Structures are given as structure tokens and as C-alpha cells.
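Per this note's numbering, residue 207 is the first one in the sequence shown, and the count goes up by one each step. All C-beta atoms in this analysis are idealised placements derived from N, C-alpha and C, irrespective of residue type, glycine included. All values reported here derive from a predicted model rather than from experimental measurement.
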Amino acid sequence: MPGLRTGWLWVLAVVGLGCAGAPRPPATYAQSFDTVWNSCRHNPALCVGEGAVVQVPRAVEVAVLVAVARAVLDEDTRRAVEQVLKECADLARSEVLIREHGGRSPTKEECNEVVSHNARGEPVTRAMKWGTAMHQVALECSRQRLDTVVPGRFSLEPTYRYDRRIPETKYVPQEEVNALLREGRGAQLKGTLVPDVVIHQGDPLQAQSVYDLKFPCSDVSNPPNWRAMPEPGSPPGTAPSQKDFYMKALGLGAQQVWRIAPWFGVLE
Numbered sequence: 207m208p209g210l211r212t213g214w215l216w217v218l219a220v221v222g223l224g225c226a227g228a229p230r231p232p233a234t235y236a237q238s239f240d241t242v243w244n245s246c247r248h249n250p251a252l253c254v255g256e257g258a259v260v261q262v263p264r265a266v267e268v269a270v271l272v273a274v275a276r277a278v279l280d281e282d283t284r285r286a287v288e289q290v291l292k293e294c295a296d297l298a299r300s301e302v303l304i305r306e307h308g309g310r311s312p313t314k315e316e317c318n319e320v321v322s323h324n325a326r327g328e329p330v331t332r333a334m335k336w337g338t339a340m341h342q343v344a345l346e347c348s349r350q351r352l353d354t355v356v357p358g359r360f361s362l363e364p365t366y367r368y369d370r371r372i373p374e375t376k377y378v379p380q381e382e383v384n385a386l387l388r389e390g391r392g393a394q395l396k397g398t399l400v401p402d403v404v405i406h407q408g409d410p411l412q413a414q415s416v417y418d419l420k421f422p423c424s425d426v427s428n429p430p431n432w433r434a435m436p437e438p439g440s441p442p443g444t445a446p447s448q449k450d451f452y453m454k455a456l457g458l459g460a461q462q463v464w465r466i467a468p469w470f471g472v473l474e
């Protein structure tokens, strides 16, 4: 996977389709339905057409993360939130496969099949295309249902810039994200952190829990892993994961950052 790069802002690694650097062979990433979704969010300017990401409108002021004590999500609310997310993930996989594949689970070969190319001419596999669709369905389902569980206390795909040198985390309002995309400056979003679902206290920087949707393609016998994000010069196998970065950037503990996958439900 690409390494981290240093500049004004410490930039996180971008993975999969539409990323800077040399493209990876489809066989190395096509088995995860969430690949194209995550990479397009990190560098939206490079993903158009079938691989394009639909951004969710939000209106929250920019703020800077400071070291403050924050309330832990109470157990009943956490269970209600996670039940919604599990059901939405299951619904998304089923709905997309019924619509696109007759309801059948795809084979490894079908997942790896190239069905189009992105703006840079890089291959878009069937798994990538379906992964984008599954994320869209799951997020819209989550939006509708979480609004009754934690109204005003959740954000879908909030965008954060994290500078570990200070350390400091800034929330990027959706209006700014949309403006960068309209002006063809989507590359400036490269490296931002964009978790799928953040439960908070009314401000995305007051996060209480974070959830990332993971959609395995053909291999549904093993739970999907967090994506590793190596730093330059880091020895193999020592790279921090997405979870590590979410924890550091948002000041959360290990029991506040989770994966959500169809069939498997909530995973650490």
C-alpha cells in the first residue's frame, strides 16, 4: 500500500483505485467491496463515472480538536446504533447483489473482473463497483435510521485533517469539500481521514465512537481487516492501521472504534 507523505499536513496513505503513485494489480484489492469507495473519498478528483463518490451534505462549523474529556456513549445507545449499522450493512449487500448479480454471492473471478476504468485509465473491478453501491445503500439506510436513535449526534463520512506533529485535528465542512470538487481541486482532499460513521456529542470533533463499513467480496468466511497505513521507512508488519489513526486523530480508545461487516456485525 502507498506510504505516508509529509508536508504542511501529515497525510495519510491513500489506497486502491484512484490513488497517487503506481496502480496496484486488480487481484491485490478486488476482494474487498469497500476499496473504490475509500480511495475515491481520499482523492475524489480521480474518480468519475461509475466510480464516482456521492458526497453527503452536512453543515457543521470548522473546529480544532483539543484534549478534553468527553462523555462515553452509554451502553443502550451504543447497542441501538450498532444494531442499525449491522442491519444496514446486511441490507446493502443483499440489495446490491440482488440487483446486480441475481442475489448470488460472487466468485473470486467475478470479483476481479474489470468492468470499467477510472479517469486515469486504471481498472475498476466488479468488486469496486459493487462496493461503491453497497456503501451508498448502507449510508442512506444509516442516515434515515440513526436520525431516530441519535438525532443531531452523528455524521456520515465527515472529513478530517490530522497533523500529528502538533497534534491537531481539523474538521473540513462539507461545503468546503464540495467547493474543492467543483473547482477541480479534489486532490487537496488526498490523505484526509473520512470514517464512514461518527457518533458524537453534536460536533464531529467530539467523537464518541467511530464505525467503518467493510464489505468482503467473494470471501465471506473471514472477517475483513483494518487497512494498514505504513509510514516511510517503517519495517514490514509494523504499519499502523486505519483504526490506529482514528483513535489518535479523534482521541478515542480501542473500544470506541469498530468495523461493521455484513454477517459478522461489529468487529474490533
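Hey, does Leu345 have any beta-carbon neighbour from chain B nearer than 8 angstroms? Although the question refers to chain B, the structure presented lacks it and comprises just one protein chain.
Any idea what DSSP makes of Val290, helix, strand or coil? Assignment of Val290 by DSSP, reduced to helix, strand and coil, places it in the helix class.
Of the residues Met435, Leu419, Gly459, the one placed nearest Asp296, counting alpha carbons only: Distance from the Cα of Asp296 is smallest, within the candidate group Met435, Leu419, Gly459, for Leu419.
Kindly list the residues whose CB is nearer than 8 angstroms to the CB of Ala413, restricted to its own chain and excluding five residues on each side of it in sequence; keep chain order. Beyond the five residues adjoining it in sequence on each side, Ala413 comes within less than 8 angstroms, by CB distance, of Arg276, Val404, Ile405, His406, Leu456, Gly457, Leu458, Gln462 in the same chain, given in chain order.
Going by DSSP, what residue range makes up the alpha helix (DSSP H) through Trp469? In the DSSP annotation of this structure, Trp469 is not part of any alpha helix (DSSP H), being labelled neither H nor E.
Bridge partners - Arg367, DSSP secondary structure assignment: Beta-bridge analysis with DSSP links Arg367 to Lys376.
How about Asn318 and Thr338: are their beta carbons less than 8 angstroms apart? Cβ distance not < 8 angstroms, so Asn318 and Thr338 don't count as in contact.
6 angstroms Cβ shell around Glu267 - same chain, five flanking residues per side excluded: Interpretation of Glu267 is limited by its pLDDT of 35, a score under 50 that renders its predicted location unreliable; the figure taken from the coordinates is listed afterwards. If we look at Glu267 and ignore the five residues flanking it on each side, it has no Cβ neighbours.
Does the ligand PLP have even one heavy atom less than 7 angstroms from the beta-carbon of Asp296? The ligand PLP is absent from the structure shown, which contains no ligand whatsoever.
Stretch pair the segment 351 to 360 + the segment 437 to 446: three plus CB contacts closer than 8 angstroms: Taking a contact to require three or more Cβ pairs closer than 8 angstroms, the segment 351 to 360 and the segment 437 to 446 do not qualify as touching.
For Trp336, does the three-state DSSP call read helix, strand or coil? If DSSP states are grouped into helix, strand and coil, Trp336 belongs with the helices.
So what does DSSP say about Arg310, is it helix, strand or coil? In the structure shown, Arg310 adopts coil according to DSSP, grouped into three states.
Please go through the same chain and pick out, in chain order, the residues whose beta-carbon is closer than 6 angstroms to the beta-carbon of Lys314, but skip the five residues on each side of it. Short of 6 angstroms from the beta carbon of Lys314, and not among the five residues preceding or following it, lie these beta carbons of its own chain, in chain order: Ser424.
Assuming Val290 contacts Ser348 under a Cβ cut-off of 8 angstroms, what Cβ separation, rounded to an integer in Å, is found between them? Rounded to whole angstroms, the Cβ separation of Val290 and Ser348 is 6 angstroms, and the two are in contact under 8 angstroms.
Could you give the distance in angstroms between the alpha-carbon of Tyr417 and the alpha-carbon of Gly327? When rounded, the distance between both Cα atoms is 31 angstroms.
Our contact map puts Asp280 next to Leu345 with C-beta atoms below 8 angstroms; I'd like the distance itself, whole angstroms only. That pair is no contact at about 24 angstroms.
Measuring only the C-alpha atoms, how far is Ala385 from Thr375? The C-alpha of Ala385 lies about 20 angstroms from the C-alpha of Thr375.
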